[in-house]
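Student: Numbering (full-length UniProt numbering), first residue to last: 1 to 393. Glycine included, C-beta positions come from ideal geometry on N, C-alpha and C. Keep in mind that this is a model prediction, so the values were computed, not measured. Below is a structure I'd like to ask you about.
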Amino acid sequence: MDNNSPQTVTEPSNSSDPWMDSGTVAPSSNHDWLSTSATHVPPEHFSFMSPFQHKLIPFDSWVTNIIDWVVVHFRPVFQVIRVPVDFVLSGFEQFLTTLPPPITILFFALLAWQVAGAGIGIISLISLIMIGAIGAWSEAMITMALVLTALLFCLVIGLPLGIGLARNERLAKIVRPLLDAMQTTPAFVYLVPIVMLFGIGNVPGVIVTIIFALPPIIRLTILGIKQVPSDLIEAARSFGASPRQMLFKVQLPLAMPTIMAGVNQTLMLALSMVVIASMIAVGGLGLMVLRGIGRLDIGLAAVGGTGIVILAIILDRLTQSLGKDHRTRGGRWYHSGPIGLLRLLFLSIRSIKKKNAHQNPAHQNNTPKAISDLATKGGSHHAHNHLMQRDHE
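Below, the structure is given as structure tokens:
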């Protein structure tokens with residue numbers, strides 16, 4: 001062939017893919033390879049040798065449809081549930097974040113001293129100062145507000161429910177599997193329906209914390225009431241105790257250590273949920289940990305984690321001390337701590353006043369007597385003068 005003769009060059013078509021064979025059909029432009037929609041799979045015959053090769057029950061579709069239906073029809077109900085949680089949470093946040101840090105530290109130190117003793121009070125004082133020193137004070141107060149709000153609602157819901165289930169064994173058998181599911185369900189699973197029903201923020205974070213931390217207080221309340229000796233119950237009945245007196249005078253006081261153990265476990269679970277709840281825009285120390293993980297900032301994550309650990313230690317010591325009987329403490333709660341000192345000061349002032357009152361009455365009581373004697377003497381002298389004047393006349 002002559003080199004000067006023109007050669008015909010075939011231009012590649014724009015529709016062809018240079019990375020694919022000519023026999024390969026290009027995918028349709030309408031198909032999105034990132035789409036999460038289910039790919040159409042031709043039906044296959046069921047095999048008894050591999051029965052679970054394909055999904056038999058569309059459980060995921062059922063759950064999705066149920067959640068969508070609940071969101072559409074009951075969203076206003078869940079928005080109403082937000083109101084009391086938001087009110088209590090706002091109160092705790094307002095109290096803890098607006099007070100100056102020294103006053104807050106002094107308040108919790110005195111509270112720890114009153115409840116758990118002087119040693120725990122000093123430890124609480126040093127620990128709270130440490131939280132402020134590492135730069136996590138405001139986040140720690142938000143976390144404290146979240147945990148206290150969740151604990152309050154767990155007590156309001158869990159204690160009456162536990163008392164009722166302890167008295168009704170048939171109902172307890174129905175509720176027990178639900179409590180098992182609440183305790184074994186991974187914490188991350190709670191987040192999706194909570195976000196769809198309540199949204200994001202601190203209030204949904206408190207709600208998911210309540211659900212996660214509620215079972216221990218219910219279970220241990222049931223256990224504590226059932227562990228009350230039957231002979232004590234029979235003795236109370238023989239003395240004519242009413243069911244109300246039986247509950248508040250016999251069962252609850254004897255079950256209080258077990259119930260307080262449930263409160264302690266609920267509190268610890270609430271603190272453990274703080275970091276996970278930060279994934280739905282919940283503030284506090286958990287958000288510091290999440291940001292540290294996202295930025296690979298080990299220092300920031302360590303600050304948040306240290307703050308959570310310190311709060312956990314303080315609250316754990318306080319709740320364990322509340323579960324002790326006054327005989328174990330060595331006296332009534334108002335006999336020790338700062339309240340005991342104030343009581344002792346008041347009694348000292350009162351005894352001094354009584355002592356002065358016992359010393360002064362002799363002088364105070366003699367004064368009217370002296371006045372009456374003078375009046376008597378004065379009256380008799382006046383009568384004597386009158387008689388002398390009459391005789392003279």
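Does the stretch 309-324 come into contact with the stretch 224-242, if we say contact requires no fewer than three beta-carbon pairs (one atom in each stretch) closer than 8 Å?
Tutor: Result no; under three Cβ-Cβ pairs closer than 8 Å.
Student: Rounded to a whole number of angstroms, what is the C-alpha to C-alpha distance between Q245 and M256?
Tutor: Cα to Cα, the separation comes out at about 16 Å.
Student: I need the straight-line Cα distance from I174 to P253, nearest angstrom please.
Tutor: Distance between the alpha carbons of I174 and P253 is about 27 Å.
Student: Label E169 either buried or exposed according to how many other C-beta atoms from any shown protein chain fall within 10 Å of its C-beta, with 16 as the threshold for buried.
Tutor: It is exposed - the Cβ of E169 has fewer than 16 other Cβ atoms within 10 Å.
Student: Taking C-beta to C-beta, are L96 and M144 nearer than 8 Å?
Tutor: Against a cut-off of 8 Å, the Cβ pair of M144 and L96 comes out as a contact.
Student: Alpha carbon to alpha carbon, what distance is there between L99 and R176?
Tutor: C-alpha separation (whole angstroms): 42 Å.
Student: Along the chain, where does the alpha helix (DSSP H) that runs through residue 395 open and close?
Tutor: Nothing in the structure corresponds to residue 395, since the chain is present only between 1 and 393.
Student: Can you grab the Cα-Cα spacing for the pair A357 / S351, in whole Å?
Tutor: Taking the straight line from one Cα to the other gives about 10 Å.
Student: What are the start and end residues of the alpha helix (DSSP H) that includes D231?
Tutor: 230-238 is the extent of the alpha helix (DSSP H) around D231.
Student: Just the C-alpha distance for R291 and P84, rounded to the nearest angstrom, thanks.
Tutor: Going from the Cα of R291 to the Cα of P84 covers about 29 Å.
Student: Indicate the three-state DSSP secondary structure (helix, strand or coil) for T266 in the structure shown.
Tutor: Residue state, collapsed to three classes: helix.
Student: Terminal residues of the continuous alpha helix (DSSP H) containing G201?
Tutor: Element bounds for G201: n/a, residue is neither H nor E.
Student: Considering only the beta carbon of each residue, do residue 407 and P215 sit closer than 8 Å?
Tutor: Residue 407 is absent from the model: the chain starts at 1 and stops at 393.
Student: If you draw a straight line from the alpha carbon of H45 to that of F59, how long is it in whole angstroms?
Tutor: C-alpha separation (whole angstroms): 21 Å.
Student: Go through its chain and collect everything with a Cβ distance to G91's Cβ below 6 Å, but skip five positions before and after it.
Tutor: Cβ neighbours of G91 beyond the five flanking positions: none.
Student: Any chance the stretch 185-198 sits against the stretch 156-166, with 3 or more Cβ pairs inside 8 Å?
Tutor: Flag = no, the stretch 185-198 and the stretch 156-166 do not touch.
Student: Can you list, in chain order, the residues of its chain whose CB lies under 8 Å from that of A136, leaving out five sequence neighbours each side?
Tutor: Around A136: L285, M288, V303, G304, T306, G307.
Student: For V228, collect the residues of the same chain with a Cβ closer than 8 Å to its Cβ; drop the 5 residues on either side in sequence, then sort them by chain order.
Tutor: Taken in chain order, the residues that qualify are V250, Q251, L254, A255.
Student: Keeping to the same chain, check which residues put their C-beta closer than 7 Å to that of Q320; ignore five residues upstream and five downstream.
Tutor: So the list reads N264, once near-sequence residues are dropped.
Student: Between the beta-carbon of Q53 and the beta-carbon of S47, is there less than 8 Å?
Tutor: A contact, by the Cβ cut-off of 8 Å.
Student: Please state whether the Cβ-Cβ distance between L89 and V195 is less than 8 Å.
Tutor: Result no, Cβ atoms of L89 and V195 do not sit closer than 8 Å.
Student: Under the three-state reduction of DSSP, which class applies to Q227: helix, strand or coil?
Tutor: Q227 falls in the coil class under three-state DSSP.
Student: Does the Cβ-Cβ distance between I120 and A133 come in under 8 Å?
Tutor: No, the pair does not count as a contact, with Cβ atoms beyond the cut-off.
Student: Considering only residues of the stretch 99-123, which uninterrupted beta strand (DSSP E) runs meet the minimum length of 3 residues and lie entirely inside it, listed in chain order?
Tutor: Listed in chain order, there is nothing to give.
Student: Ignore the nearest five residues each way along the sequence and tell me which others in K178's own chain have a CB closer than 7 Å to its CB.
Tutor: The question names Lys, yet the displayed sequence has Leu at residue 178. Closer than 7 Å at the Cβ level, and outside the excluded window around L178, lies no residue.
Student: May I ask which residues mark the beginning and end of the alpha helix (DSSP H) holding M49?
Tutor: Neither: M49 is in no alpha helix (DSSP H) and is coded neither H nor E.
Student: So, helix, strand or coil for N168, using DSSP?
Tutor: Correct three-state label for N168: coil.
Student: Using only the alpha-carbon positions, how far apart do L322 and D68 sit?
Tutor: Spanning the two alpha carbons is a distance of roughly 44 Å.
Student: How would you call F108, buried or exposed, if buried means at least 16 neighbouring beta carbons within 10 angstroms?
Tutor: Answer is buried; the Cβ neighbour count reaches 16.
Student: Give the single residue among A213, A277, L271 whose Cα lies nearest to the Cα of V203.
Tutor: With distances taken between Cα atoms, V203 lies closest to A277.
Student: For I211, which of P160, A150, I259 has the nearest alpha-carbon?
Tutor: Measuring from the Cα of I211, the nearest candidate turns out to be A150.
Student: For L318 versus I259, is the C-beta spacing smaller than 8 Å?
Tutor: No, the pair does not count as a contact, with Cβ atoms beyond the cut-off.
Student: Which two residues bound the contiguous alpha helix (DSSP H) that contains Q251?
Tutor: No alpha helix (DSSP H) holds Q251; DSSP gives it neither H nor E.
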